[in-house]
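Participant: Handing you a structure now.
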Amino acid sequence: MKYSRSIGKEPSLLRIVLVSVILHLIFVAMVTIPTKPKTRDYRPFSVKLVGPIEKYETGTIIQPPVEIKSKEIVKKVTIIEKATTPKVVKPIPQPKADMEVEIAKEAERLRAITKLAKTLEQEKNVAKEIERLRAISKLTKTLEQEKKREIQIRKERTIGTPKSAEVTGAAGESEDIVFYEDIIRQKIWGYWVHPNHNISGLETIISVIIRKNGEIKVREVEKSSGDLLFDRSAIKAISKANPLPPPPDGEMEIGLRFIP
Amino acid sequence: MIFFLVCSLFTASDAKVYIDITAPAFRKLPLSISHTGPDEAKEVAEIVKNDLDFTGIFHLTDPDILGAEITVKIDAAVSEIIKTDVLVFDLIKNEEILSKRYTASKSILRALSHSISNDIFKVITGKDGIFRTRLAYTVNSSDKKGLYIMDWDGYNPVRVVAKGLTLSQSWSHDSQYLVYSSERDRNWGIYSLDLEKYKETMLFSGKSLNLVGGISPNGLIAFSSSKDGSPEIYVMNIDGSNHRKLIKSFGIDVSPVFSPDGSQIAFVSDRGGSPQIYIMDADGARLRRLTFEGSYNTSPMWSPDGKWIVFVGRKDGNNHIFMIKFDGSDLRQLTEKGNNENPTLSPDGMFIAFDSDRDGSKGIYLMSINGERQKRITPKDIKAMNPKWSPYHI
Chain L
9 MKYSRSIGKE PSLLRIVLVS VILHLIFVAM VTIPTKPKTR DYRPFSVKLV GPIEKYETGT
69 IIQPPVEIKS KEIVKKVTII EKATTPKVVK PIPQPKADME VEIAKEAERL RAITKLAKTL
129 EQEKNVAKEI ERLRAISKLT KTLEQEKKRE IQIRKERTIG TPKSAEVTGA AGESEDIVFY
189 EDIIRQKIWG YWVHPNHNIS GLETIISVII RKNGEIKVRE VEKSSGDLLF DRSAIKAISK
249 ANPLPPPPDG EMEIGLRFIP
Chain R
115 MIFFLVCSLF TASDAKVYID ITAPAFRKLP LSISHTGPDE AKEVAEIVKN DLDFTGIFHL
175 TDPDILGAEI TVKIDAAVSE IIKTDVLVFD LIKNEEILSK RYTASKSILR ALSHSISNDI
235 FKVITGKDGI FRTRLAYTVN SSDKKGLYIM DWDGYNPVRV VAKGLTLSQS WSHDSQYLVY
295 SSERDRNWGI YSLDLEKYKE TMLFSGKSLN LVGGISPNGL IAFSSSKDGS PEIYVMNIDG
355 SNHRKLIKSF GIDVSPVFSP DGSQIAFVSD RGGSPQIYIM DADGARLRRL TFEGSYNTSP
415 MWSPDGKWIV FVGRKDGNNH IFMIKFDGSD LRQLTEKGNN ENPTLSPDGM FIAFDSDRDG
475 SKGIYLMSIN GERQKRITPK DIKAMNPKWS PYHI
């Protein structure tokens, strides 16, 4: 009786989960879809290029030249677009008609002008940005220095008096060590095999010394798992991984914790 | 599938780095066994090989080819008695881990070999081997009926009780007694057989059906009796004294088995409408239902660590061996073919023996606790069933 009741309850839970998943999907879709049209917004740019040359020399390119609407210009617009875009792919195509040549020339001029205007503006902007960046970098530097000081203070508290050499290269060295620890982990793991599936809950800690030349020496079994085969598999992995690459800071002692 | 737990710890005191290494690959331990001496040496080596191979831990390699991590050398000399020198060498630790001489009469060569297996298993895994344990079982073939005991691998069967029809035997924890139900003169009585003195004693009898369940570590026998109508759960002392009813119900309560520490009893009851497995404290308190899947679950047995219950469940019309965690979670099916019944666990919890009709006639099978390496150990012309695994020391 209990069995059949429990079966009756289960589908309702499933339905709830399904409905919630569908609702979530709809919500996510609603959020993500409207962002796409923004990227297609390249129309105003093509209009800029066609603007009357002499009128907008000073760099006020942003004003849309909507007033001039002769058929020629409209044609030009379309032709320029066609002529210029392939130019990127084919460097010097010989235009057959004179019209096209003129149009191409005009387009080049336009580009030069817009470039000039842009560079002027950009220069101004760049200057501003450089100032900003300088300010930011100053801030970050001070923050970093503060962090370094904190680390130094912590080190002094935990280890005692630190050597001057250690302090100066602290950041670089710790990165090296983290990288080296990764190498140790990968190499020993690569050799770790166990003949029994049923090993959950076991833990073995083995203390080893890694010599300057990378040779591993087992110092002691710091914590035995109580399972002879498991301890053996850990020691075997270490002995097969021997030798390791030389450690970055000379001889070191580490604990290797084996957990399934 | 494979992942690392990247976690380095700096302890405040000595700033020693600890690197975690997780998720080892699974690979059997390569071990080679070589032998020198007369034919008996080969025989011993073969028995040891079979024992170690069945554990699933070792990969037995050719001694002539490199690759073994552990080498076993067996050297035997035979006259009236067999003298066997065994040398076990660990090539990883680069040290000799066992060097021992075994001496025995030729007639017990198998027992001597199983002792060697036990010692090798112990020095490598640190755990006791089960290679000297035995199985008590019943045979139902016309002229061979009775209660038998054989080695765990099916060799050396010996009939210990031939009288009447015997059922539901159980070992006492010191392996001294075998307690069983037997029908004599149309009465189902409960008997105990002293295996040292080879003496049978009647503990309980009546017109009703009285079936032995399990025996607790301190020698309490749990059994079911229908003397008051439907079968109910009782306990009594190992000498048959002080029997008392543990739990009352209107339905059928049978197959009571003690947990390894003796604090709880698992049994089968149909109080919920269908036979299901229930657990209660050894005094009958705190009754709770363990199995909910399916409409027929019987024959509970505890794993030696008390964490699992192995039982028989009916699925698609056939009976199969299942196991489930003591708290009712993690149900696993272990058999696939035929009808598989009466599971019993080895004392180390690594193997299950059971009976099955998958090859036509009922026979006794072994498998590892995860259902792997299933094999028949009794001959096909003998109808053998209801195995019960002995404790370690026998």
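Chains as they are written, first to last, in this note's numbering: chain L, 9 to 268; chain R, 115 to 508. Even for Gly, the Cβ is constructed at its ideal location relative to N, Cα and C. Predicted model, so just to flag it, every value in this text is computed and none were measured.
1. Is Pro254(L) close to chain R? Criterion is C-beta to C-beta, closer than 9 angstroms.
2. Is the CB-CB distance between Phe238(L) and Leu264(L) below 9 angstroms?
3. Which residue wins for smallest C-alpha separation from Gly398(R), given the options Gly354(R), Val349(R) and Glu157(R)?
4. Residues in the same chain with beta-carbon distance under 7 angstroms from Ser255(R), minus the five sequence neighbours each way, listed in chain order, please.
5. I need the straight-line Cα distance from Glu160(R) to Glu189(L), nearest angstrom please.
6. Indicate whether Gly303(R) and Asn324(R) have their beta-carbon atoms separated by less than 9 angstroms.
7. Hey, quick one: how far does the alpha helix (DSSP H) through Lys248(L) stretch, first residue to last?
8. May I ask which residues mark the beginning and end of the beta strand (DSSP E) holding Leu143(R)?
9. Would you check if the distance between the CB atom of Pro389(R) and the CB atom of Ala380(R) is smaller than 9 angstroms?
10. With H, G and I counted as helix, E and B as strand and the rest as coil, what does DSSP make of Glu116(L)?
11. To the nearest angstrom, how far is the alpha carbon of Ser208(L) from that of Phe140(R)?
12. Counting beta carbon pairs with one atom in the segment 239 to 258 of chain L and one in the segment 241 to 258 of chain R, are three or more of them shorter than 8 angstroms?
13. If you scan the segment 450 to 486 of chain R from start to end, which runs of the beta strand (DSSP E) of 3 or more residues do you find wholly inside it?
14. Is the separation between the beta-carbon of Lys494(R) and that of Leu480(R) shorter than 9 angstroms?
15. Anything in chain L within Cβ reach of Asn484(R), meaning under 9 angstroms, just list it in chain order.
16. Chain L partners of Leu401(R), CB-CB under 7 angstroms?
17. Distance cutoff 9 angstroms, beta carbons only. Does Leu110(R) sit that close to anything in chain L?
18. Out of Asp167(R), Glu157(R), Phe172(R) and Leu292(R), which one is the CA nearest neighbour of Pro203(L)?
19. Over what stretch of residues does the alpha helix (DSSP H) that includes Asp167(R) continue unbroken?
20. Can you give me the start and stop residues for the beta strand (DSSP E) that Ile188(R) sits inside?
21. Within its chain, find whatever has a CB closer than 8 angstroms to the CB of Glu261(L); leave out the 5 residues flanking it on each side and keep chain order.
22. Excluding five sequence neighbours on each side, which residues of the same chain lie with their C-beta closer than 6 angstroms to the C-beta of Asp189(R)?
23. Between Asp235(L) and chain R, is there a C-beta pair that is closer than 9 angstroms?
24. For a test of the three-state rule: what should DSSP assign to Trp197(L), helix, strand or coil?
25. If distances are taken between C-alpha atoms only, which option among Pro414(R), Pro271(R), Ile366(R) and Leu404(R) comes closest to Ser344(R)?
26. Roughly how many whole angstroms lie between the Cα atoms of Ser232(L) and Ile213(L)?
27. How about Lys341(R) and Gly354(R): do their beta carbons lie closer than 9 angstroms?
28. Determine the chain R residues that contact Val201(L) at a beta-carbon separation under 8 angstroms, and present them in chain order.
29. Please state if the CB of Ile224(L) and the CB of Ser247(L) are separated by a distance shorter than 9 angstroms.
30. How many angstroms separate the CA atom of Gln290(R) from the CA atom of Ser284(R)?
31. Compare the Cα-Cα distances from Val426(R) to each of Thr405(R), Phe440(R) and Asp419(R) and report the closest residue.
32. So, is the C-beta of Pro251(L) closer than 9 angstroms to a C-beta in chain R?
33. In whole angstroms, what separates the C-alpha of Ser227(R) from that of Ala191(R)?
Facilitator: Taking the definition as stated:
1. So, not an interface residue.
2. Contact annotation: Phe238(L) and Leu264(L) have beta-carbon atoms that are not nearer than 9 angstroms.
3. Of Gly354(R), Val349(R) and Glu157(R), the residue nearest in Cα terms is Val349(R).
4. These residues qualify, in order along the chain: Ile496 and Lys497.
5. Glu160(R) and Glu189(L): Cα-Cα distance of roughly 46 angstroms.
6. Yes, they are a contact pair.
7. Per DSSP, Lys248(L) belongs to the alpha helix (DSSP H) from Leu236 to Ala249.
8. Segment Leu143 to Thr150, the beta strand (DSSP E) holding Leu143(R).
9. Not closer than 9 angstroms, so no.
10. Helix.
11. In a straight line, the C-alpha of Ser208(L) is about 13 angstroms away from that of Phe140(R).
12. Fewer than three pairs of CB atoms, one per stretch, sit closer than 8 angstroms, so the segment 241 to 258 of chain R makes no contact with the segment 239 to 258 of chain L.
13. Here the runs fully enclosed are 454 to 459, 465 to 470 and 477 to 482.
14. By the CB criterion at 9 angstroms, Lys494(R) and Leu480(R) fall outside the cutoff.
15. At a C-beta separation below 9 angstroms, Asn484(R) has these neighbours in chain L: His205 and Asn206.
16. Chain L residues near Leu401(R): none, gap ~15 angstroms exceeds 7 angstroms.
17. Not covered by the structure: residue 110(R). The range shown for chain R is 115 to 508.
18. Shortest Cα-Cα distance from Pro203(L) to any of Asp167(R), Glu157(R), Phe172(R) and Leu292(R) involves Phe172(R).
19. In the DSSP annotation of this structure, the continuous segment of the alpha helix (DSSP H) that includes Asp167(R) starts and ends at Asp153 to Phe168.
20. Unbroken beta strand (DSSP E) run through Ile188(R): Ile184 to Val192.
21. Within the same chain, Glu261(L) has close Cβ partners Ser215, Val216, Ile217, Ile218 and Arg227.
22. Around Asp189(R), the same chain offers Thr150, Gly151 and Asp199 as residues with beta carbons nearer than 6 angstroms, after the five sequence neighbours per side are excluded.
23. Chain R, which has a Cβ nearer than 9 angstroms to the Cβ of Asp235(L), makes this yes.
24. Trp197(L): helix per DSSP, three-state reduction.
25. Checking every option, the nearest Cα to that of Ser344(R) belongs to Ile366(R).
26. Ser232(L) and Ile213(L) have their alpha carbons spaced roughly 7 angstroms apart.
27. No, the Cβ-Cβ distance between Lys341(R) and Gly354(R) is not below 9 angstroms.
28. What Val201(L) touches in chain R: Pro138, Ala139, Phe140 and Arg141.
29. A contact, by the Cβ cut-off of 9 angstroms.
30. Linking Gln290(R) to Ser284(R) through their CA atoms gives a straight-line distance of about 11 angstroms.
31. Of the listed residues, the one whose Cα sits closest to Val426(R) is Thr405(R).
32. Cβ-Cβ to chain R under 9 angstroms: no for Pro251(L).
33. If you take the alpha carbons of Ser227(R) and Ala191(R), they lie about 14 angstroms apart.
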